[in-house]
Amino acid sequence: MTSLVVATLGCCIASFLVCGIPFGLLIARGSEGHVDVRKVGSGNIGMTNVARSVGARAALLTFLCDAGKGVLCTIVARLVIAAVAFGGDASMVAPFTPFGLASTLVYASCVLGHVFSPYLHFHGGKGISVGFGAGLGMYWPVGVGLLVVFLLFAVPSRYVSLGSICAAASLPVICLALGFGPLNTLPMAIVAVVVIWSHRQNIRKLARHEERQFTVRKGGER
Numbered sequence: 005m006t007s008l009v010v011a012t013l014g015c016c017i018a019s020f021l022v023c024g025i026p027f028g029l030l031i032a033r034g035s036e037g038h039v040d041v042r043k044v045g046s047g048n049i050g051m052t053n054v055a056r057s058v059g060a061r062a063a064l065l066t067f068l069c070d071a072g073k074g075v076l077c078t079i080v081a082r083l084v085i086a087a088v089a090f091g092g093d094a095s096m097v098a099p100f101t102p103f104g105l106a107s108t109l110v111y112a113s114c115v116l117g118h119v120f121s122p123y124l125h126f127h128g129g130k131g132i133s134v135g136f137g138a139g140l141g142m143y144w145p146v147g148v149g150l151l152v153v154f155l156l157f158a159v160p161s162r163y164v165s166l167g168s169i170c171a172a173a174s175l176p177v178i179c180l181a182l183g184f185g186p187l188n189t190l191p192m193a194i195v196a197v198v199v200i201w202s203h204r205q206n207i208r209k210l211a212r213h214e215e216r217q218f219t220v221r222k223g224g225e226r
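Quick note, the numbering used here runs 4 ahead of the 1-based positions in the sequence shown.
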């Protein structure tokens with residue numbers, strides 16, 4: 005049990021640090037216009053603001069990097085925890101098993117690291133892309149479920165924020181439906197609250213009918 009706790013704690017810290025890397029900011033700064041996305045558009049470092057402020061290619065790269073770090077951290081963490089605590093049997097830390105709390109804690113660390121980036125004075129993105137990627141890496145039906153909910157709301161409305169908020173709200177429901185159990189779902193519920201909280205300005209704008217629909221500008225906006 006001690007080895008499980010130590011391995012889980014180590015993987016949570018590592019995931020927090022890796023997923024705190026602000027790829028959107030780095031990619032935008034490396035673009036032709038050397039854009040600081042924190043100072044344009046919504047001020048967010050995520051894919052949507054990069055799309056509006058820099059362009060489609062930078063936005064796609066931001067999404068792939070943010071989702072990719074979630075996939076990488078959850079897969080590596082599962083293998084490390086399994087190797088340290090269960091003789092390499094990764095099925096022991098599947099999120100619907102008695103020891104699955106280890107996996108959902110790592111998932112939470114991925115999203116929290118992105119939202120509260122230690123490299124940006126604990127400010128960061130809103131956690132959607134990394135949450136999707138971490139869901140795929142932890143247990144792929146979670147990622148697919150989040151994507152379906154996101155598309156159901158974002159595509160017809162063209163409000164990325166609406167799809168993101170609804171996907172976040174659905175996260176604990178999806179996990180319970182997949183048999184995670186209340187304890188293993190608790191970190192996912194915390195993530196849902198944090199991600200919805202990170203969209204608080206979007207919620208106000210949606211309520212006032214002031215939220216911008218998703219657009220991609222060729223060459224970006226300034």
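Ideal Cβ placement from N, Cα and C applies to all residues, glycine included.
List the whole-angstrom C-beta distance separating residue i from residue j, where the pair is believed to meet the contact cut-off of C-beta under 8 Å.
i, j, result
"residue 188", "residue 108", "5 Å"
"residue 24", "residue 117", "4 Å"
"residue 71", "residue 134", "7 Å"
Can you give me the C-alpha to C-alpha distance between residue i and residue j, rounded to a whole angstrom?
i, j, result
"residue 11", "residue 150", "28 Å"
"residue 208", "residue 105", "34 Å"
"residue 161", "residue 147", "21 Å"
"residue 120", "residue 26", "10 Å"
"residue 66", "residue 51", "6 Å"
"residue 42", "residue 178", "32 Å"
"residue 97", "residue 56", "40 Å"
"residue 126", "residue 141", "24 Å"
"residue 45", "residue 58", "10 Å"
"residue 68", "residue 75", "10 Å"
Between residue i and the rest of its own chain, which residues show a CB-CB distance below 6 Å, the 5 nearest in sequence each way excluded?
i, result
"residue 170", "153, 157"
"residue 143", "99"
"residue 184", "99, 100"
To which residues of the same chain is residue i closer than 7 Å at the C-beta, ignoring the five residues directly before and after it?
i, result
"residue 215", "163, 165, 206, 209"
"residue 83", "94"
The alpha helix (DSSP H) with residue i in it runs from where to where?
i, result
"residue 67", "60-89"
"residue 96", "Segment: none, residue 96 is in no alpha helix (DSSP H) and carries neither H nor E."
"residue 108", "105-119"
Got a sec? Which residues, its chain only, sit under 8 Å from residue i by beta carbon, not counting five neighbours each side?
i, result
"residue 40", "29, 32, 33"
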